[in-house]
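**Q** In order, the protein sequences belong to chains A and V. Numbering of the first sequence is given in the UniProt record's numbering, commencing with residue 1 and proceeding in unit increments. Numbering of the second sequence is given in the UniProt record's numbering, commencing with residue 1 and proceeding in unit increments. The structure follows.
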Amino acid sequence: MASLRASPFPRRALASYFQSVRLQPTPLNTATLLPRIQPTRSPRTCSSASIRPYHSTLHPRLPEHEYTNSQTAILTAALHHIPAHGFTLEALTLGARDAGFLDVSVQLLPRAEFDLILFWLASRRGILRSRVEEAALFTKRAAGSGRDPASLSVEEKTKILIAERLRMNTEIKAHWQDALAQMSLLGNIPISLSELHALSNDILSLAGDSSVDGSWYTRRMAVSAIYASAEVVMTRDPTPDLSETIAFVDRRFEDKLVLKEKFEGVGQCVSFWGNTAVGVGRSWGMKI
Amino acid sequence: MSSRSAWRALHYSAKRRAFQPTTPYRCFSCTRRAHDPKSDHERMTHFGFTNVPESEKESRVGAVFSSVASSYDTMNDLMSLGIHRIWKDHFVRSLNPGCPVANRDVDGKTKGWNILDIAGGTGDIAFRMLDHATNINHDLETRVTISDINADMLAEGQKRSIETPYYNTSRLSFVEANAESMPHIPDASVDLYTVVFGIRNFTDKQAALNEAFRVLKPGGVFACMEFSKVDNPLFDAVYKRWNFSAIPLIGQVVAGDRDSYQYLVESIERFPSQEEFRGMIQKAGFMIPGRGYENLTGGIAAIHKGIKPVIKS
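Here you go:
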């Protein structure tokens, strides 16, 4: 329960520190560790100053988005207009009206349509988490295929989560290309990428991934790449239950496995020949 | 030789300036000083780099704008190298005035926006907003009230409005008023309050912001474009050089009025920075979207926005 995972900067010292922490008995560790590693928390504002460089299950989660109450009210109301109006200023304006604001109040959102897209992404991410934590998604899926939920591997859980997240896009499938276009505008790319990272990070931590080495990065990159390409496929998927997209995701996971094997094979080969060369050199009396 | 004599003449006349007594003039018949002594209690405010009593600033600014009204547009083009048009277009486009067809009720009727353009005497912003509402959003109901303290600027705007399709319609009206107190405008009646390159001339900016808060409907937007502080020091040096050397000179040559343009650049210099002005907007009670301001051309101008909160019952 009290497992701590070093996240974006797994320096060796930090990682081994956290690993040693994980071995300690739980109750003691919660009591003694909290005051030491909890960063000073101020009431959360709109700044990004409170980004933690590590992840810990001991901390309350950061909120999914950083919008103020009024902004959230407008955006939440605008979400209902997306299926009809797409990710447009019209949807936002109608949302503002529903929330009791004026047409002109959409000025509250300086990025306009892009704010709506970001809010959609962040809110879907929150729903995905609540489905796992409150609605027992894995138990349902495992029961569907007649398996014990505890026997699901991280890989299988990741696949279930990606499929679940993709299905949330079903009703706005027709508008998703517009959103992708918006996200790929030069100024919007950094925020879009960080949102994609947040999603892949959530998917992997919900799936129970606990890697603290270099694979922390590769796994997140792989999930991001698979999810992002699946979204593009989804926009052209004519099937109502996205079965083609799900099949695409399955194929990409197979590719990922193949790639992983290839990389590991190449790594083994290189290290074998390196070691051999060093050995041969030493046998010839070289000071290596 | 002739140049030397000219120099001498100049030099000579400079020496023979009218004598100014160091002590104020005193009447023979009484011991009271002849000129009205300025009361020490009166609050002072900026007029460019000089300090003047608050009661005097209004008339002095009035004099400046009365004198520049006729050449206002040419001078703006020359001083900003035409960039002010891009800023104004961007300002209006980002506000997107007017109710688009897609958002109207089933009967397609719209009440339009009620826009109040403060210090908009020449109608620059007002005509752009009406054009945007009409041509982009096909909204023929949105109306703009141009309010200005200066009758000469308003007259210039009225003259120009003859050329526009809004002349003599209910969509455009002119009011001569002081933005610090507008009793003729009821509470919570305005959707959008704009003040473009005007607020730096106000005597009491906070009072004007409070008045804006009063007249806006809940959810209404206060939008302000004003000269601001350049953040890049190198660019700032170039910009300052342009401001203090070129602009008064252009003013002298084109408009024949150096002092007014000297005042303009000094008032630009005196205007609070982006962060300070954002603080003033917040102090009036507005919500700030995101960072609260948008820099234009490296911070020469900045667009500030504030939204009046909606109180849920």
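For every residue, glycine included, the Cβ atom is placed at its ideal position computed from N, Cα and C.
Rounded to whole angstroms, what's the CA-CA distance from Tyr17 of chain A to Ser271 of chain A? Just pull it up for me.
**A** Residue placement at Tyr17 of chain A cannot be trusted, given a pLDDT of 43 that sits under 50; what the coordinates show is reported in the next sentence. Rounded to whole angstroms, Tyr17 of chain A to Ser271 of chain A spans 28 Å at the Cα level.
**Q** Can you check whether the C-beta of Pro110 of chain A is within less than 9 Å of a C-beta belonging to chain V?
**A** For Pro110 of chain A, the answer is yes, since a Cβ of chain V falls inside 9 Å of its Cβ.
**Q** Skipping 5 residues on each side, what residues in its chain have a beta carbon closer than 7 Å to that of Ala301 of chain V?
**A** Closer than 7 Å at Cβ, skipping near neighbours: Trp87, Met225, Glu226, Phe227 and Ser228.
**Q** Where do the ends of the beta strand (DSSP E) carrying residue 350 of chain V lie?
**A** Given that chain V is displayed from residue 1 to residue 313, the structure contains no residue 350 of chain V and the question cannot be resolved.
**Q** Nearest chain C C-beta to Leu102 of chain A closer than 9 Å, yes or no?
**A** Judged by its chain identifiers, the structure shown contains no chain C, and its protein chains are A and V.
**Q** Any Cβ of chain A within less than 9 Å of the Cβ of Ile307 of chain V?
**A** Cβ-Cβ to chain A under 9 Å: yes for Ile307 of chain V.
**Q** Chain V beta carbons: is any one of them nearer than 9 Å to that of Pro43 of chain A?
**A** Caution is warranted here: a pLDDT of 40 is assigned to Pro43 of chain A, below 50, making its placement in the model unreliable, and no coordinate value can be reported.
**Q** I'd like to know if Gly279 of chain V contacts chain A, where contact means its C-beta is closer than 9 Å to some C-beta of that chain.
**A** False, the Cβ-Cβ gap to chain A never drops below 9 Å.
**Q** Considering only the beta carbon of each residue, do Ala223 of chain V and Lys308 of chain V sit closer than 9 Å?
**A** No, they are not a contact pair.
**Q** On the premise that His65 of chain A lies in contact with Ala122 of chain A, defined as a C-beta separation below 8 Å, what is that separation, rounded to the nearest angstrom?
**A** Indeed they touch by this definition, with Cβ atoms about 4 Å apart.
**Q** Taking only beta-carbon atoms, is Leu192 of chain V less than 9 Å away from chain A?
**A** Judged by the 9 Å Cβ criterion, Leu192 of chain V is in contact with chain A.
**Q** What residues in the region 282-294 of chain V bring their beta carbon closer than 8 Å to a beta carbon of chain A?
**A** The residues in question are Met287, Pro289, Gly290, Arg291 and Glu294.
**Q** Residues of chain V with CB closer than 7 Å to the CB of Gln182 of chain A, please, in chain order.
**A** Neighbours of Gln182 of chain A on chain V: none; closest Cβ ~16 Å, over 7 Å.
**Q** Taking Phe202 of chain V as the reference, give the member of V:Ala177, V:Leu192 and V:Asp187 with the closest Cα.
**A** When each option's Cα is compared against that of Phe202 of chain V, the closest is V:Ala177.
**Q** Excluding the five sequence neighbours on either side, which residues of its own chain have a C-beta within less than 6 Å of the C-beta of Gly279 of chain A, listed in chain order?
**A** Nothing meets the Cβ criterion.
**Q** Taking the alpha helix (DSSP H) that Thr276 of chain A belongs to, which residues open and close that run?
**A** It spans Ser243 to Ser283 - the alpha helix (DSSP H) in which Thr276 of chain A sits, taken as one unbroken run.
**Q** Is Leu79 of chain A helix, strand or coil when you go by DSSP?
**A** It is helical.
**Q** Checking the sheet assignment: what are the DSSP bridge partners for Leu192 of chain V?
**A** According to DSSP, which records beta bridges pairwise, Leu192 of chain V is partnered with V:Ile115 and V:Val221.
**Q** Any C-beta of chain A within less than 9 Å: which residues of the region 83-101 of chain V qualify?
**A** Going along the region 83-101 of chain V in chain order, one finds Ser94, Leu95, Asn96, Pro97, Gly98, Cys99 and Pro100 with a Cβ nearer than 9 Å to chain A.
**Q** When DSSP labels each residue in this structure, what does His197 of chain A get in the three-state scheme?
**A** His197 of chain A falls in the helix class under three-state DSSP.
**Q** Ordered along the chain, which non-local residues of its own chain (more than five positions away) have a Cβ less than 6 Å from that of Cys260 of chain V?
**A** Looking at the sequence provided, one finds Ser at residue 260 of chain V rather than Cys. Once the five neighbours on either side are set aside, the close Cβ partners of Ser260 of chain V are Val64, Ser67 and Val68.
**Q** Between A:Arg165, A:Glu133 and A:Arg141, which has its C-alpha nearest Ser200 of chain A's C-alpha?
**A** Closest option to Ser200 of chain A, Cα to Cα, is A:Arg165.
**Q** State yes or no: is the C-beta of Phe127 of chain V within less than 9 Å of the C-beta of Arg160 of chain V?
**A** In this structure, Arg160 of chain V lies closer than 9 Å to Phe127 of chain V by Cβ.
**Q** Could you tell me how far apart the beta carbons of Ala78 of chain A and Gly100 of chain A are, in whole angstroms, since I believe they sit closer than 8 Å?
**A** No, Ala78 of chain A and Gly100 of chain A are not in contact; Cβ-Cβ is about 13 Å, not under 8 Å.
**Q** Keeping to the same chain, check which residues put their C-beta closer than 8 Å to that of Ile162 of chain A; ignore five residues upstream and five downstream.
**A** Excluding residues within five positions, the ones whose Cβ falls inside 8 Å are Ile203, Val223, Ile226, Tyr227, Ala230 and Val249.
**Q** So, with DSSP's three-state summary, where would you put Asn69 of chain A?
**A** DSSP places Asn69 of chain A in helix when its eight states are reduced to three.
**Q** Are the C-beta of Leu94 of chain A and some C-beta of chain V separated by less than 9 Å?
**A** Leu94 of chain A counts as touching chain V.
**Q** Return the chain-ordered ranges of every beta strand (DSSP E) run that is complete within the region 68-154 of chain A and spans a minimum of 3 residues.
**A** Runs of the beta strand (DSSP E) inside the region 68-154 of chain A: none found.
**Q** Would you give the residue range spanned by the alpha helix (DSSP H) that Asn76 of chain V belongs to?
**A** Where Asn76 of chain V is concerned, the enclosing alpha helix (DSSP H) stretches over Tyr72 to Ser80.
**Q** Following the continuous beta strand (DSSP E) through His176 of chain V, name the residue where it begins and the one where it ends.
**A** Here residue 176 of chain V turns out to be Glu, not His, going by the sequence shown. Unbroken beta strand (DSSP E) run through Glu176 of chain V: Leu172 to Glu176.
**Q** Can Ala119 of chain V and Val196 of chain V be called in contact, C-beta distance under 9 Å?
**A** Yes, the pair counts as a contact, with Cβ atoms nearer than the cut-off.
**Q** I need the boundaries of the alpha helix (DSSP H) containing Lys283 of chain V, first residue and last residue.
**A** Its alpha helix (DSSP H) spans residues Gln274 to Lys283.
**Q** When you compare only the Cα positions, how much space is there between Asp257 of chain V and Thr122 of chain V?
**A** Roughly 19 Å between the two C-alpha positions.
**Q** Are Asn243 of chain V and Glu269 of chain V close, meaning C-beta to C-beta below 9 Å?
**A** In this structure, Glu269 of chain V lies closer than 9 Å to Asn243 of chain V by Cβ.
**Q** Please look up how many angstroms separate the CB atoms of Val154 of chain A and Val221 of chain V, rounded, as I've assumed it's under 8 Å.
**A** The pair is not a contact, with the Cβ atoms about 49 Å apart (cut-off 8 Å).
**Q** Who are Tyr293 of chain V's beta bridge partners in DSSP?
**A** Paired residue(s): V:His304.
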